[in-house]
Amino acid sequence: MSTEAPAAEVAEAAERAGSPRISLIAAAVLAVVVALLVAVLASSDPQTERQTQSPLLGRLAPPTEGRTLDGQEVSIDDYRGRWVFVNFFASWCIPCQTEHRQLRAFDEAHRRSGDAALVGVTYDNDTDEARAFFEERGGEWPVIDDPTNSIGVAYGVARVPETFVIAPDGTVVHRFPGEVTRKQLDEVIQLYEERAA
Amino acid sequence: MRSFLRSTRFRRGSWLVIVALVVVALVRNGVDERPTTNEDRVRSIASTMKCPVCRSQSVADSDVAAARAIRVEIARRVGAGESDDQIRDAIADTYGEGVQLTPRAGGLAGLVWILPVVAVVVALAALSAAFARWRRTSPTSATEADRALVDDALQHR
Amino acid sequence: MNSVLGTSGVVLGVTASLLGVVTLAVGLRRGRADLLRTGWSYSLLVLLGAIVSVVAMQRALITRDFSVAFVHDHGSSRTPPLFNVATMWSALEGSILLWALILAGFTVHIARKFRQRLSDPLVGWALLTMLVVCAFFFLLMLGPANPFTSVTVPAGYDGPGPNPLLQEHILMAVHPPMLYLGYVGFTVPFAFAVAALATGRLGEGWLIETRRATLMAWGFLTIGIILGAWWSYEVLGWGGYWGWDPVENASLLPWITGTAYLHSVMVQERRGMLRVWNLSLLCATFSLTILGTFLTRSGVLESVHAFSDSDIGAWLLTFFGLTVAVTLGLIGWRGDRLRSPGRIDSPLSREGAFLANNVLFAGFAFVVLLGTVFPLLAEVVQDRPVTVGPPYFDRMTIPIGIALLFLMAVAPVLPWRKASSELLSQRLVWPAWGGALTLFAVVTIGARGLAPILAFGLAGFAGGAALRQVALATRRQGWRGLVGRTNGGMIVHLGVVIVAVAIAASGSYVTESEARYAPGETRVVGGHEITYLGTREVQERNRLATKVSVRVDGGKVYEPSLSQYPGFGSLIGTPSVKTGLQEDVFLSISRLPQQEGGEVTLRVIIEPLALWLWIGGGVMAFGTVLAAWPGKRRRPTDPTSAPVAEEDPEPPAAEPRRPEPVGVR
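Residue numbers (my numbering), protein chains in the order written: chain Y, 327 to 523; chain F, 11 to 167; chain V, 798 to 1462.
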């Protein structure tokens, strides 16, 4: 207990060795690094608030074509000149079931006016189940059956439902992750048409 | 027997045999690396891509739809003869750079690779500098104060 | 009632710790021994406050008192009793409460252990530091992490229960307390480090006094980490046990610096060197526990454990900043005066090996920390997100791990001061045989890949070195040759070797298959017959489980399941594992049959030697107990390594040996 060397004597020893003030320098350097780290951490938003944008925005839409549930060949290129809404869904997904009614209303309105088209793409879904889904819930728009999910991967779909908006010139302009309403879809057209005007 | 095991002759021989064993094993490991199958490649690529909807799981480990879909896509591209980097780039192109679990070597992300190496080099340099200094200085001798301290301590134990 | 009781416990804890801090500070400043002696009563009061709060919380959980917000949010009448107790640490507020309880326990332990020396400023400062930390955690429970907020509940309300993932396995009941015992345990040496810096008294006396506490903290942290890995293996269903998730890294970081400290402190005890470095390691360990808690609890990083709905992040970050500022300030102010004038004669010596060990561990910690926070750093500079995932950590840490294994083989046979090559050749020959034969054997039976076979070979080498040490010590001292730090440490090394082998094998030689099975269909995966028998639904107390029956190798039936917990949206998959000494057969459900009698998609993973990971963890824990075992009090000047006179005569001492003032009390 009483043997612990008083600081002064140890200091003397250190001076004897003629060593530079390494601890002070190291502590100062570390302090700067940690201060920067704390500043970065303090300014970081919680992860949940970070929305990842799709890298597709502003690019031409990936090839989106195939056989529909009714057995016809369809491609979104057929709709060039119109707004195209590509909707990825699966019959087992609950938000897809709830947004279906909204999509129907949207599709019926724009089918008449002809300014926009809706194209469904199955995602991780059995053909038969998807077909049954449409038989039960209605909906007239073409639905591409994509058993290998290759279209979904080309769009970078993370979790169904997801809806991509493709401008009349064929570029992807907007991505809706999750459930959409008819109102949201209409607003997107309006927004981009205003911006273009 | 016991004395043989302790003899210098035995020890010398041992080291020769040990080195030979290690060399043979390493060479054998080097020569017949197993050929990689397409499945191995799919798995190795998938394990470097982040599952876009999971927390801290790779595409290889996750069972969610998106991970399965990306696995199928990787398999398709492997089958089409694309290189690992081409496939990674293609997936990152649609899902964003954030799906790459391995940061790229270039640019800002490259720092994450370089900094640890720099740190180790600096640490080793500091250590060798310290050893050089220690070699220059003679062992410190105890001062009278030190001796008094020790005597005091030994009396009080 | 419970709410009031709990809150009063917290208030008692806050008041007692704050008053204790003030009293001790005044006592230290004025040099009044009577004030310093009150530290004992204050720490008792803090513990009392913590106990009252924990009792209130447990009572609220057991009686399902949903008027307490925490029980309202995380309790449920359906939760089975054991998990109901564990619900306390299944969410943020309760885990802070557990933390406070353990911290108060350690504070009382220190106050009791040093009750004869409470008036000593060194002990005063240590106790003061502990009470400051206590005050912080109790204040958290008054501020952002209040577990006892009361809410009004409608009649007939039932809570959702704890997170389903945490209800799946018994390990969840023990893993967090173990981890916290480890985390919090490191507060003890940290407090003494601060005290040593503040008083400028660096005698090694306190090192020895707190040695057992430090060892136990390290042991608990080890157990906690291993149990966490085991839990994710048994519950998360992806077939792995370590995903370099931020929360896992957060538990690993203090373990790394703590391990580095346990090794380098021996240089200090023996040679009186590296004092400032050791203090810095202790400060780093403590700061990293706080930083880790911040990273995982504030939600800035994606993690399975993040609770992002609270402003606790700001508190933790502030406390981290303060801790670092104070400790760095102390080190900068005192450090250079405390440095010892000693020197290390040769890199090829025990102390040289410990230095190398510390460089490697520091590099290890740096890689893990950098990888964990790098996405946040990158985001500040650029818009594009950067992910740093398992492949990065694997590539960076595998070389470090292999270098550490090599060091583990060589270091235990190195003498202090200086080793001759003759001595090394003599002592290393048997361990080297072990390594070379292991390497040769694994390559012969078909193992390939440089990293894993090197790991096996070096594991044989390191295992041989540890066994040699244990064999020599037991031959000389009988059972006493197994206890004490050096010998117990060798048992820990054996545990590490087992863990390393298990990691290398299960990480490199996995066989995996994902396939559809019709009822009755059998497929062969990695030499195991997997037969799908059928699917059934089981209503359990807390969940609706869909179980898939799978027969493995024509023997026992295993049932991986998918469960729906009321109140939680997604299905929770539970794998089922056939455990074996050679390999595990890991079964999980990818997709249930879509209709009655349909095909199920099963994922089958064959993981060699996975069981040995947990066994190795057990050996490490056992070794820690042996290392902390109270032995004969060693005279500090006695040799600590195990020189065997007949085998390796010590080189004649050039200078007359004088006792060094080390560890004397």
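Where is the CB? At the ideal position from N, CA and C, for every residue including glycine. Computed from a predicted model, the values in this text were never measured in an experiment.
- At least one beta carbon of chain V lies nearer than 8 Å to the beta carbon of Val-364 (chain Y).
- Across the stretch 96-107 of chain F, CB contacts with chain V closer than 8 Å involve Gly-106 and Glu-107, in sequence order along the chain.
- Taking the Cβ atoms as the reference, Ser-1310 (chain V) lies roughly 28 Å from Arg-1340 (chain V), outside the contact range of under 8 Å.
- Going by beta carbons, Trp-1035 (chain V) and Ser-57 (chain F) fall outside the 8 Å limit.
- Shown in chain order are the members of the stretch 57-73 of chain F whose Cβ falls below 8 Å from a Cβ of chain V: Ser-57, Thr-58, Lys-60, Arg-65, Ser-66, Gln-67, Ser-68, Asp-71, Ser-72 and Asp-73.
- Residue-level contact by beta carbon holds for Val-360 (chain Y) and chain V, with a gap shorter than 8 Å.
- With respect to Leu-1114 (chain V), Leu-367 (chain Y) sits close: the two C-beta atoms are nearer than 8 Å.
- Counting along the chain, Pro-1249 (chain V) sits inside no beta strand (DSSP E); it lies in the alpha helix (DSSP H) bounded by residues 1247-1274.
- Counting along the chain, the unbroken alpha helix (DSSP H) around Ser-1218 (chain V) starts and ends at 1218-1241.
- In this structure, the beta-carbon distance from Phe-415 (chain Y) to Thr-448 (chain Y) falls below 8 Å.
- About 13 Å separates the beta carbons of Asp-471 (chain Y) and Ala-458 (chain Y), which is beyond the 8 Å limit, so they are not a contact pair.
- The Cβ atoms of Val-1289 (chain V) and Ala-1424 (chain V) sit closer than 8 Å to each other.
- From the listed residues Y:Ala-352, Y:Val-355 and Y:Ser-380, the smallest Cα separation to Glu-488 (chain Y) is found for Y:Ser-380.
- When secondary structure is reduced to three states using DSSP, Arg-1340 (chain V) falls in the coil class, being assigned neither helix nor strand.
- Judged by DSSP in its simplified three-state form, Ser-1146 (chain V) adopts coil rather than helix or strand.
- Collapsing the DSSP output to three states places Gln-110 (chain F) in a strand.
- Using beta-carbon distances, Arg-347 (chain Y) counts as an interface residue toward chain V, with a partner under 8 Å.
- Per DSSP, Ile-848 (chain V) is not a residue of any beta strand (DSSP E); the alpha helix (DSSP H) it occupies stretches across 836-859.
- Cβ contact annotation for Gly-1149 (chain V) (same chain, cutoff 8 Å, sequence separation greater than five): Ile-1141, Ser-1143 and Leu-1211, in chain order.
- Taking a Cβ-Cβ threshold of 9 Å, the residues of chain F close to Arg-485 (chain Y) are Pro-62, Val-63, Val-74, Ala-75 and Ala-76, in chain order.
- In the DSSP assignment, Phe-414 (chain Y) is bridged to Y:Val-447 and Y:Glu-488.
- Between Gly-1132 (chain V) and Val-1073 (chain V), the C-beta gap is smaller than 8 Å, which places the two residues in contact.
- Using a 10 angstroms sphere on the CB of Thr-453 (chain Y), the tally of other CB atoms stays under 16, which defines it as exposed.
- Linking Phe-1017 (chain V) to Arg-909 (chain V) through their CA atoms gives a straight-line distance of about 21 Å.
- Taking a C-beta distance under 8 Å as the contact criterion, Trp-1052 (chain V) and Ala-995 (chain V) do not qualify as a contact pair.
- A direct Cα-Cα distance of roughly 46 Å separates Ala-85 (chain F) from Gly-891 (chain V).
- At a cut-off of 8 Å between beta carbons, Val-1183 (chain V) makes no contact with chain Y.
- Between the alpha carbons of Gln-1223 (chain V) and Arg-21 (chain F) lies a gap of roughly 7 Å.
- Within 7 Å of the CB of Asn-39 (chain F), the CB atoms of chain V belong to Val-1240, Arg-1245, Leu-1247 and Ile-1250, in sequence order along the chain.
- The DSSP-derived three-state label of Arg-1136 (chain V) is coil.
- At least one C-beta of chain Y is nearer than 8 Å to the C-beta of Gly-1118 (chain V).
- Within chain V, no residue has its CB atom less than 9 Å from the CB of Ser-93 (chain F), the nearest being about 17 Å off.
- A Cβ of chain Y is located within less than 8 Å of the beta carbon of Asp-1133 (chain V).
- Against chain V, a Cβ distance below 7 Å from Ser-24 (chain F) picks out Val-1226 and Trp-1230.
- At least one C-beta of chain Y is nearer than 8 Å to the C-beta of Ile-80 (chain F).
- Under DSSP, His-1325 (chain V) shares a beta bridge with V:Val-1322.
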